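K.L.:
Take any residue in the sequence shown, note its place counting from 1, add 75, and you have its number in this note's numbering.
Just so it is clear, CB atoms sit at the ideal spot from N, CA and C, and this is done for glycine as well.
Given the structure is predicted, the values throughout are model-derived calculations rather than measurements.
Input: one structure, supplied below.
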Amino acid sequence: MKKFKFKSLTMRIWTTFTAIILLIICSISFFYFVAFKRIDESEKIEDLKVAHDFVLKGNNLNQPERFDELRNLKGSDHFIVNKSEININDIINIKRREGTPPPPGIDQYEVKNWMASFAENGDISKKEFVESYKGVKFIFIISSVINEKNNKSYLISYMPYMKDNRILYTIALIGTVFIAIGFFTAKLVAAYISKPLKELEDYTIRIAHKDWKEPMATKNEDEIGRLIEAMNRMQKELKHADEEEKMFLQSISHDLKTPVMVIMSHAEAIIEGVYIDSVEKTAEIIRDEAISLEKKIKQMLYLNTLDYVLANNEGNEDINLREFMLHIINRFEAINSNIQWDLDMDDLTIKGNVDKIKVSIENILDNALRYAESRIAITLKKDGAYGRLEIYNDGPNINEKNIGRIFDNFYKDKTGNFGLGLAISKKIVSFYRGEIKAENKDIGVSFIIKYPTI
C-alpha cells in the first residue's frame with residue numbers, strides 16, 4: 076500500500092495539528108473511562124457513606140435531610156425496611172415527603188424491594204453494594220438498626236450512579252473548536268513558511284542556470300534565514316568555481332595550444348626542408364615540446380581523478396620519511412649538478428600510500444629546483460604530532476598577494492606558466508590530514524609540509 080502524502084504544506088501542518096489534538100482527546104478520554112470513573116465512583120461511595128452514617132447517628136430517623144442537593148449525592152435517598160416482613164407495603168421512607176424520583180422506567184418501590192433483598196439476617200454495619208437493576212447501576216449501603224417498636228430493621232442509603240459525561244463532551248467540543256481553528260492557523264503558518272521557500276526554489280533554479288545575480292536577502296535569523304545564508308555561501312562558492320573553471324579553460328587551452336603549434340611548425344619545416352637548424356636540432360625541439368605537453372596532460376588527468384583515487388585509497392603503509400626523502404633527492408640531484416643540497420633530517424615515520432606521498436613531495440622539489448639559484452635546503456624535524464618537512468630554495472620571492480593562491484588549481488606563476496603540481500600536492504597533503512604552506516624568506520622561499528606521524 077502506498078504511503079498517503081499531501082502535496083500541500085497547509086494540509087500537512089493541519090493534519091499534524093489535528094493528529095496531536097485527537098491524540099490528546101483520546102488520551103484524556105481513556106483516562107476518563109479508566110481512572111476518572113473509578114475515582115468518581117469511590118468518591119460517591121464515600122459521600123454516601125457519610126450521609127448514611129449521619130442518618131444512623133441522628134436521634135430521629137424520620138427527620139428529613141438534604142443530602143440529595145449535593146452534587147455528588149444527586150438522587151440519593153434513605154429508607155428503612157423490616158427484614159422479617161419483606162413486603163412492598165412495609166418499605167418506609169424516612170423523609171416526610173415523596174421519595175426522590177428514580178431513573179425513568181424504574182418503579183421506586185420495586186427497586187427499593189430489590190435492594191432490601193440484599194439485607195441479611197443478623198447485624199450489618201455499613202455494608203457497601205454496587206449493583207445494577209434493569210440496566211441502571213445503583214450504589215447502596217445497608218446497616219441494621221432498631222426501629223421504634225424495638226424491632227431489628229435495616230437502614231438502606233442509596234443513589235443511582237449516573238455517568239457524568241459533561242467533561243467528555245466539553246473536551247470533545249474544545250477539541251473540535253481547536254481543530255477548526257487549527258485549519259486556519261495551518262494556512263497562515265504554511266503561507267508564512269512557503270513564501271521564503273518559494274523564493275528559495277526560484278533562487279536555486281537561478282543558481283542551477285549559473286545566473287550569478289545579487290544574493291538573496293536574509294530577512295530573519297531563524298532556520299529559514301540560516302538556510303538562505305547557506306544558499307548564499309553556496310552561490311558565492313559556485314560563482315567562484317565557475318570563474319576559476321573559465322580561467323582554467325582559458326589558461327590550459329593556451330598552455331596546450333602553444334606546444335602543439337611549436338610541434339606543428341617544426342614538423343612542417345622538416346617536411347618542407349626550410350628548418351633553420353639541423354634536422355636533429357629541430358627534432359629535439361619537437362621532442363621537448365611533446366614531453367612538456369605530455370606532462371601537462373598527465374597532470375590534468377591526475378588531478379581530475381585524484382578525488383576518486385584518494386576516496387578509494389588503498390595500500391597505506393608505514394613510511395620512514397627520512398629514507399624516503401633521501402631516495403627522492405638522489406634522483407633530483409642528477410638533474411642539475413650546479414645546485415647545492417643541504418640536508419638536516421631526523422628519522423620520522425608517517426602512514427600513507429607511497430605513490431601519493433611521493434607525488435606530493437616531488438612536485439614541491441620540482442618547483443624548488445626550477446626556481447633555485449644555487450642552493451636547496453631540506454629540513455625534517457618532529458613538530459608535536461607532525462613531521463615538519465621544510466624545502467627551501469634561494470630563488471625569487473613569491474608576490475605576497477599571490478602567496479595564498481599558489482596552491483589553487485588555476486594559478487599561473489609570474490612567468491605566465493600554468494602548473495597543477497602544487498594543487499595536486501595540496502590535495503594529497505590535506506587528504507592525509509596534513510598541512511602545506513609557502514613562506515617568503517629574506518632570500519628565497521620555503522615550502523613547509525606537515526604530515527601526522529605515528
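Cα separation between residue 530 and residue 96?
P.N.:
This structure cannot speak to residue 530, because the chain is shown only from 76 to 529.
K.L.:
Please list, in chain order, all residues of the same chain as residue 458 whose beta carbon is under 7 Å from its beta carbon, the five residues on each side excluded.
P.N.:
Looking up residue 458 in the sequence shown gives position 383. So the qualifying residues of the chain are 525.
K.L.:
Going by Cα to Cα distance, which pick from 438, 427, 101, 414 is closest to residue 250?
P.N.:
As a position in the sequence shown, residue 250 is number 175, starting the count at 1. That would be 101, whose Cα lies nearest to the Cα of residue 250.
K.L.:
Among residues of its own chain, excluding the 5 on either side of residue 46, which ones have a beta-carbon nearer than 7 Å to its beta-carbon?
P.N.:
Beyond the ends of the chain as shown, which are 76 and 529, falls residue 46; an answer cannot be given.
K.L.:
In three-state DSSP terms, what is residue 172?
P.N.:
Counted from its first residue, the sequence shown places residue 172 at position 97. In this prediction, residue 172 has a pLDDT of 37, which is less than 50 and means its spatial position is unreliable; nothing more can be read from the coordinates.
K.L.:
According to DSSP, is residue 520 part of a helix, a strand, or is it coil?
P.N.:
Position 445 of the sequence shown, counted from the start, is the residue given in the question as residue 520. Note: residue 520 maps to strand in three-state DSSP.
K.L.:
In angstroms with no decimal places, state the Cα-to-Cα distance between residue 367 and residue 335.
P.N.:
The residue labelled residue 367 in the question sits at position 292 within the sequence shown. The residue labelled residue 335 in the question sits at position 260 within the sequence shown. Annotation: residue 367 to residue 335 spans about 10 Å, alpha carbon to alpha carbon.
K.L.:
Using only the alpha-carbon positions, how far apart do residue 209 and residue 88 sit?
P.N.:
The residue labelled residue 209 in the question sits at position 134 within the sequence shown. The residue labelled residue 88 in the question sits at position 13 within the sequence shown. Looking at the two C-alpha atoms, the distance is approximately 49 Å.
K.L.:
Count the CB pairs spanning the segment 461-472 and the segment 430-445 that are closer than 8 Å, and state whether there are at least three.
P.N.:
Two segments are said to touch when three or more pairs of C-beta atoms, one from each, lie closer than 8 Å; by this definition the segment 461-472 touches the segment 430-445.
K.L.:
Let me check understanding here. Comparing Cα to Cα, which of 381, 313, 98, 436 lies closest to residue 285?
P.N.:
Position 210 of the sequence shown holds residue 285. Looking at the Cα atoms, 313 is the closest of the given residues.
K.L.:
Pull up the distance between the alpha-carbon of residue 85 and that of residue 302, whole angstroms please.
P.N.:
Here residue 85 refers to the residue found at position 10 of the sequence shown. Here residue 302 refers to the residue found at position 227 of the sequence shown. Cα-Cα distance, rounded: 21 Å.
K.L.:
For residue 363, which option in 348, 346, 333, 384 has the closest C-alpha, if you only look at C-alpha atoms?
P.N.:
Here residue 363 refers to the residue found at position 288 of the sequence shown. Selected option, being the one with the closest Cα: 333.
K.L.:
To the nearest angstrom, how far is the alpha carbon of residue 518 from that of residue 399?
P.N.:
For the purposes of this step, residue 518 is taken as the residue at position 443 of the sequence shown. For the purposes of this step, residue 399 is taken as the residue at position 324 of the sequence shown. One C-alpha to the other measures close to 28 Å.
K.L.:
Is it the case that the segment 230-238 contacts the segment 213-221, given that we only count it when at least three CB pairs across the two stretches are under 8 Å?
P.N.:
Contact annotation: the segment 213-221 touches the segment 230-238, with at least three C-beta pairs closer than 8 Å.
K.L.:
Cβ atoms of residue 495 and residue 453: under 7 Å apart, would you say?
P.N.:
Reading the sequence shown from its first residue, position 378 is the one you call residue 453. Reading the sequence shown from its first residue, position 420 is the one you call residue 495. No.
K.L.:
Taking the C-alpha atoms as reference points, what is the distance between residue 382 and residue 481?
P.N.:
What you label residue 382 is simply residue 307 of the sequence shown in a count that begins at 1. What you label residue 481 is simply residue 406 of the sequence shown in a count that begins at 1. C-alpha separation (whole angstroms): 19 Å.
K.L.:
Buried or exposed for residue 324, please, with buried defined as at least 16 other CB atoms from any protein chain shown within 10 angstroms of its CB.
P.N.:
Counting from 1 along the sequence shown, the entry for residue 324 is found at position 249. Exposed, since its Cβ has fewer than 16 Cβ neighbours within 10 Å.
K.L.:
Tell me, which residues are paired with residue 235 by DSSP?
P.N.:
Within the sequence shown, the letter at position 160 stands for residue 235. The partner list for residue 235 (beta bridge, DSSP) reads 213.
K.L.:
Thinking residue 513 and residue 473 are a contact (beta carbons under 8 Å), I'd like their distance in whole angstroms, please.
P.N.:
Position 438 of the sequence shown, counted from the first residue, corresponds to residue 513. Position 398 of the sequence shown, counted from the first residue, corresponds to residue 473. Sure, about 6 Å apart at Cβ, within 8 Å.
K.L.:
Where does residue 255 fall in DSSP's three states?
P.N.:
Here residue 255 refers to the residue found at position 180 when the sequence shown is read from its first residue. If DSSP states are grouped into helix, strand and coil, residue 255 belongs with the helices.
K.L.:
Roughly how many whole angstroms lie between the Cα atoms of residue 315 and residue 308?
P.N.:
Here residue 315 refers to the residue found at position 240 of the sequence shown. Here residue 308 refers to the residue found at position 233 of the sequence shown. The straight-line gap from Cα to Cα measures roughly 11 Å.
K.L.:
Using a Cβ-Cβ cutoff of less than 8 Å, which residues in the same chain neighbour residue 378 once the five nearest sequence positions on both sides are dropped?
P.N.:
The residue given as residue 378 occupies position 303 in the sequence shown. These residues qualify, in order along the chain: 484, 495, 498, 499, 502.
K.L.:
Taking the beta strand (DSSP E) that residue 453 falls in, what are its first and last residues?
P.N.:
Translated into the one-based positions of the sequence shown, residue 453 becomes position 378. Unbroken beta strand (DSSP E) run through residue 453: 450-458.
K.L.:
Three Cβ pairs or more, each shorter than 8 Å: is that satisfied between the segment 109-124 and the segment 277-284?
P.N.:
no
K.L.:
Using alpha carbons as the reference points, say which of 152, 199, 449, 331 lies closest to residue 375.
P.N.:
As a working mapping, residue 375 is identified with position 300 in the sequence shown. Answer by Cα proximity: 331.
K.L.:
Less than 8 Å between the CB atoms is what I'm expecting for residue 151 and residue 123, so what's the real figure, rounded?
P.N.:
Counted from its first residue, the sequence shown places residue 151 at position 76. Counted from its first residue, the sequence shown places residue 123 at position 48. 6 Å between Cβ atoms; contact.
K.L.:
Which whole-angstrom value is the C-beta distance of residue 257 and residue 92, which I expect to be below 8 Å?
P.N.:
Within the sequence shown, numbered from 1, the residue matching residue 257 stands at position 182. Within the sequence shown, numbered from 1, the residue matching residue 92 stands at position 17. The Cβ separation is near 4 Å, so the contact holds.
K.L.:
Taking 7 Å as the threshold (C-beta atoms), are residue 421 and residue 456 in contact?
P.N.:
Looking up residue 456 in the sequence shown gives position 381. Looking up residue 421 in the sequence shown gives position 346. Cβ atoms of residue 456 and residue 421: closer than 7 Å.
K.L.:
Roughly how many whole angstroms lie between the Cα atoms of residue 268 and residue 248?
P.N.:
Translated into positions along the sequence shown, residue 268 becomes position 193. Translated into positions along the sequence shown, residue 248 becomes position 173. Cα-Cα distance, rounded: 30 Å.
K.L.:
Which of the three DSSP states is assigned to residue 287 in this structure?
P.N.:
Locating residue 287 in the sequence shown gives position 212, where the first residue counts as 1. Residue 287: coil per DSSP, three-state reduction.
K.L.:
Are residue 462 and residue 423 touching if we call contact CB-CB under 7 Å?
P.N.:
One-based indexing of the sequence shown puts residue 462 at position 387. One-based indexing of the sequence shown puts residue 423 at position 348. It is a contact, given that the beta carbons lie within the stated cut-off.
K.L.:
How far does the alpha helix (DSSP H) with residue 206 in it extend, from its first residue to its last?
P.N.:
Here residue 206 refers to the residue found at position 131 when the sequence shown is read from its first residue. No alpha helix (DSSP H) contains residue 206, which is instead part of the beta strand (DSSP E) from 202-208.
K.L.:
Can you tell me where the beta strand (DSSP E) holding residue 468 begins and where it ends?
P.N.:
Position 393 of the sequence shown holds residue 468. That run of the beta strand (DSSP E) goes 461-468.
K.L.:
Grouping DSSP H, G and I as helix and E and B as strand, with all else coil, what is residue 193?
P.N.:
As a working mapping, residue 193 is identified with position 118 in the sequence shown. If DSSP states are grouped into helix, strand and coil, residue 193 belongs with coil.
K.L.:
Would residue 369 count as contacting chain C if we go by Cβ distances under 7 Å?
P.N.:
The structure shown contains no chain C; it holds only a single protein chain.
K.L.:
Between which two residues does the beta strand (DSSP E) holding residue 425 run?
P.N.:
Position 350 of the sequence shown, counted from the first residue, corresponds to residue 425. Run containing residue 425: 424-428, per the beta strand (DSSP E) assignment.
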